[in-house]
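Here's the structure, in structure tokens; my notes come after.
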Amino acid sequence: MSEVIRTMQKQQGFCGIKCKGRCSKASVQDRCMKYCGICCNTCKCVPSGTYGNKDQCPCYRDMVTGKGKPKCP
8 MSEVIRTMQK QQGFCGIKCK GRCSKASVQD RCMKYCGICC NTCKCVPSGT YGNKDQCPCY
68 RDMVTGKGKP KCP
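Here the sequence shown stands for residues 8 to 80, where the numbers follow the numbering used here.
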């Protein structure tokens, strides 16, 4: 198990639980959990479901990388 996933599971808090659900179907779990955690810690929310629904959390939706691409899974 990767260090990122272990860290998120240890948190057992809001972001850990929400990101585990959000990333449950991701092909690259480590990366999904890492960026979901970063976005959740900043925005204090994670959209429901495993994909889409980003309008539920505008902060999460609007975070972008340095290249202007969506940061949050």
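Heads up, the beta-carbon is just placed ideally off N, CA and C, and yes, glycines get one too.
query: Nonlocal neighbours in the same chain, by C-beta distance under 7 Å from A33, ignoring five residues either side; result: C39, P80
query: Contacting residues, own chain, Cβ-Cβ under 6 Å from C46 (five flanking each side not counted); result: Y67, M70, C79
query: Residues bridged to V6 (per DSSP); result: No answer is possible for residue 6: the residues shown for the chain start at 8 and end at 80.
query: Same chain, Cβ closer than 7 Å to C64, five either side skipped, listed in chain order; result: C50, C52, V53, P54
query: Beta-carbon proximity check, T57 vs R29, cutoff 8 Å; result: yes
query: Exposure of G44, with buried meaning 16 or more beta-carbon neighbours within 10 Å; result: buried
query: Euclidean distance between Cα positions of P77 and K41; result: 14 Å
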